[in-house]
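First to last, the sequence lines map onto chains H and S.
Residues 15 to 260 in the numbering used here are what the first sequence lists, from first letter to last.
Residues 15 to 260 in the numbering used here are what the second sequence lists, from first letter to last.
Ideal Cβ positions, reconstructed from N, Cα and C, are used throughout, including at glycine.
Data first, discussion second: the structure below is written as structure tokens.
Number of protein chains: 2
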Amino acid sequence: MTDAAPAAEAALRTPRERARARTIEDIVRIGREHLALHGAAALSLRAVARDLGVVSSAVYRYVESREELLTLLLVDAYNELGDAVDAAVGARPENDFTGRFEALGAAVRNWALAQPASYALLFGSPVPGYQAPAERTTGPGTRVVVALVAILDGAWRAGNLSEAGPHAADVDVTALLAADLANIRGEMGLAVPDPVLASGVLVWTSLFGAISFEVFGQYGPDAFVARDELFAHHLGVLARLAGLRT
Amino acid sequence: MTDAAPAAEAALRTPRERARARTIEDIVRIGREHLALHGAAALSLRAVARDLGVVSSAVYRYVESREELLTLLLVDAYNELGDAVDAAVGARPENDFTGRFEALGAAVRNWALAQPASYALLFGSPVPGYQAPAERTTGPGTRVVVALVAILDGAWRAGNLSEAGPHAADVDVTALLAADLANIRGEMGLAVPDPVLASGVLVWTSLFGAISFEVFGQYGPDAFVARDELFAHHLGVLARLAGLRT
DNA sequence: ATCTAGTCAAGAGCAGTGCTCACAATTGTT
DNA sequence: AACAATTGTGAGCACTGCTCTTGACTAGAT
Numbered sequence: 015m016t017d018a019a020p021a022a023e024a025a026l027r028t029p030r031e032r033a034r035a036r037t038i039e040d041i042v043r044i045g046r047e048h049l050a051l052h053g054a055a056a057l058s059l060r061a062v063a064r065d066l067g068v069v070s071s072a073v074y075r076y077v078e079s080r081e082e083l084l085t086l087l088l089v090d091a092y093n094e095l096g097d098a099v100d101a102a103v104g105a106r107p108e109n110d111f112t113g114r115f116e117a118l119g120a121a122v123r124n125w126a127l128a129q130p131a132s133y134a135l136l137f138g139s140p141v142p143g144y145q146a147p148a149e150r151t152t153g154p155g156t157r158v159v160v161a162l163v164a165i166l167d168g169a170w171r172a173g174n175l176s177e178a179g180p181h182a183a184d185v186d187v188t189a190l191l192a193a194d195l196a197n198i199r200g201e202m203g204l205a206v207p208d209p210v211l212a213s214g215v216l217v218w219t220s221l222f223g224a225i226s227f228e229v230f231g232q233y234g235p236d237a238f239v240a241r242d243e244l245f246a247h248h249l250g251v252l253a254r255l256a257g258l259r260t
Numbered sequence: 015m016t017d018a019a020p021a022a023e024a025a026l027r028t029p030r031e032r033a034r035a036r037t038i039e040d041i042v043r044i045g046r047e048h049l050a051l052h053g054a055a056a057l058s059l060r061a062v063a064r065d066l067g068v069v070s071s072a073v074y075r076y077v078e079s080r081e082e083l084l085t086l087l088l089v090d091a092y093n094e095l096g097d098a099v100d101a102a103v104g105a106r107p108e109n110d111f112t113g114r115f116e117a118l119g120a121a122v123r124n125w126a127l128a129q130p131a132s133y134a135l136l137f138g139s140p141v142p143g144y145q146a147p148a149e150r151t152t153g154p155g156t157r158v159v160v161a162l163v164a165i166l167d168g169a170w171r172a173g174n175l176s177e178a179g180p181h182a183a184d185v186d187v188t189a190l191l192a193a194d195l196a197n198i199r200g201e202m203g204l205a206v207p208d209p210v211l212a213s214g215v216l217v218w219t220s221l222f223g224a225i226s227f228e229v230f231g232q233y234g235p236d237a238f239v240a241r242d243e244l245f246a247h248h249l250g251v252l253a254r255l256a257g258l259r260t
């Protein structure tokens, strides 16, 4: 642990480094397959080693522990989700804030339904005994919420956002909460006022709440055949809750 | 598996049955402790057996498998949450619908923060390889949402509910979605119109989304010191979203 | 009181897991 | 070709869920 960071960013010149990087990529790829097939808690380094065609102890040359592999998969999934969201949002005109918001929500939902195990790793209950190292996950882990507040802040600056949405207008923002919101506004360089920001947080959590219920099967197997329509309705309400004009 | 159900409902007269029931209670109690301490995925029948002062294979006399114990704990947790919600809601006057709604939300959040592992078992990512048997969990599992729609339906019948809340009024409810809502209205004997019901589903999922983010640490360790205030704000907005007058 | 039948705990055992370590094989570099 | 760093091997430890046989016990019927 002298200074491996510059080496990691270097061009991987030596064959050893190239081979090592390729092996780690293989391990992550096989881990992703196992994650998708059997879920995060069933992820086994021994099984990954078998698929890699190597004895179990060999993978510890490349991955420190099972947790380390989980962290790699976590960052991988966060970036995949972030890419999907950025692509979907970027496909809409820059001034179509409502369209961008709906694209964001739909992108998260589609990715979650396509990769339920990865989604569970990111937004489900934390896997036991595993604490995601903040310094490696906060960056990719906040891409979605950063994109969301970027949309809301852009709409606010463009004058396309109601003061607080029709309902949040008369809900108090206490002094303590206002202090938190001021911190966030400062750190992210936002212009939106408190009621919009507070409602935005609720919209953020509500979006993932609706998606989690669907992905995790909380609706039950029978209720809500028309889940696309249900989610579209929720997105419409949430857009209004955020203050977006339609 | 001839007909054990009537025997289970009988008075447990014989000493054998009494001792057996007591042992199962002990197992569930120890399981709850382990669940709270180490989480659902780390729940080990062997560890439970050790705490029970018995060899590991002995617990299989009382509990068919690890899944069986998880199901017992699941039902236990659902009922505990349902009891907490019912008590909190029942403490408010019957016609104070907004108060009842806020009491429901606060009760769920308080229980979740006090029992994060149990909450994760109920509303987090499903534990791998474990499928909750619907016939034993749907009853207690729906108590919270039943209590929620009871509040909204009562408010509607009492004329204390806006047609759809200020924002949901102009969000379409498509024909497909209306069919689902009609089913739900029929099964639960509700009177609320489609926009209220659709918004109610969103309020339901949003409530758990906000609580899950807080319990599962999605907010991050630093953001939102004033989490009580944040949740109170969200509850206020959600009440208005549901159409409750304040 | 004895016999019988049901119940229960014990312990061995199987297959799997994460992880460590000493040793051997390989491979890039000198 | 020789050296040294790296990588793969296999044994081993402690743990898990779960099964099965064996022996002890107990409750009710004779």
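Nearest in C-alpha terms to ALA128/S, of all of SER213/S, LEU51/S and VAL217/S, is LEU51/S. With fewer than 16 other beta carbons inside 10 angstroms of its own, THR260/S counts as exposed.
For the pair GLU243/H and LEU190/S, the CB atoms are nearer than the 7 Å cut-off. Ranking GLY231/H, LEU175/H and ALA164/H by CA distance to the CA of LEU204/H puts ALA164/H first. If you draw a 10 Å sphere on the C-beta of ARG80/H, you find 16 or more other C-beta atoms in it, and that means buried.
At a cut-off of 7 Å between beta-carbon atoms, PHE111/H makes no contact with chain S.
In the displayed model, LEU88/H falls within a helix according to three-state DSSP. For the pair THR28/S and GLU39/S, the Cα-to-Cα distance works out to about 17 Å. The beta carbons of LEU136/S and LEU88/S sit about 7 Å from each other, so the pair counts as a contact at 8 Å. At a cut-off of 7 Å, the C-beta of LEU190/S has a neighbouring C-beta in chain H. Take the alpha-carbon of VAL68/H and the one of ALA161/H: they are about 41 Å apart.
Within the same chain, LEU252, LEU255 and ALA256 come within 6 Å of VAL217/S by CB-CB distance, once the 5 residues on both sides are set aside.
According to the DSSP secondary-structure assignment, LEU66/H is paired through a beta bridge with no residue. The C-beta of VAL163/S comes no closer than 7 Å to any C-beta of chain H. At least one beta carbon of chain H lies nearer than 7 Å to the beta carbon of ASP194/S. At a cut-off of 7 Å, the C-beta of LEU244/H has a neighbouring C-beta in chain S. Assigned with DSSP and collapsed to three states, LEU57/S falls in coil, not helix or strand. Pairing ILE44/H with HIS248/H, the inter-Cα distance amounts to about 36 Å. Taking a Cβ-Cβ cut-off of 8 Å, the neighbours of VAL239/S in chain H comprise LEU190, ALA193 and ASP194, given in sequence order.
When the five nearest sequence neighbours on each side are left out, the beta carbons in the same chain lying within less than 6 Å of the beta carbon of TRP125/H are those of LEU95 and ALA98, in order along the chain. The beta-carbon of HIS248/S is placed less than 7 Å from the nearest beta-carbon of chain H.
Chain S has a Cβ within less than 7 Å of the Cβ of ALA224/H. When secondary structure is reduced to three states using DSSP, LEU83/S falls in the helix class.
When secondary structure is reduced to three states using DSSP, LEU204/S falls in the coil class, being assigned neither helix nor strand. Using a CB distance cut-off of 7 Å, PHE227/H counts as an interface residue toward chain S. Chain-ordered, the chain H residues with CB closer than 7 Å to the CB of ILE198/S read ALA237.
Under the Cβ criterion of 7 Å, ALA126/H is not counted among the residues facing chain S. Selection ALA131/S, ASP110/S and ALA121/S evaluated against HIS48/S yields ALA131/S as nearest (Cα-Cα). By the neighbour-count definition (other C-beta atoms within 10 Å, threshold 16), SER71/H is an exposed residue. Pairing VAL42/H with SER139/H, the inter-Cα distance amounts to about 22 Å.
For a Cβ distance threshold of 7 Å, residue set GLY138 and SER139 of chain H lies close to GLY138/S, ordered along the chain. At a cut-off of 7 Å, the C-beta of THR219/H has a neighbouring C-beta in chain S.
Against chain H, a Cβ distance below 7 Å from ALA134/S picks out SER139.
Using a CB distance cut-off of 7 Å, ALA61/S does not count as an interface residue toward chain H. Under a criterion of Cβ atoms nearer than 9 Å, the residues of chain S adjacent to PHE230/H are, in order, PHE137, GLY138, SER139 and PRO140. When the alpha-carbon of SER176/H is set against those of PRO207/H, ALA63/H, ALA246/H and ASP65/H, the nearest one is in PRO207/H.
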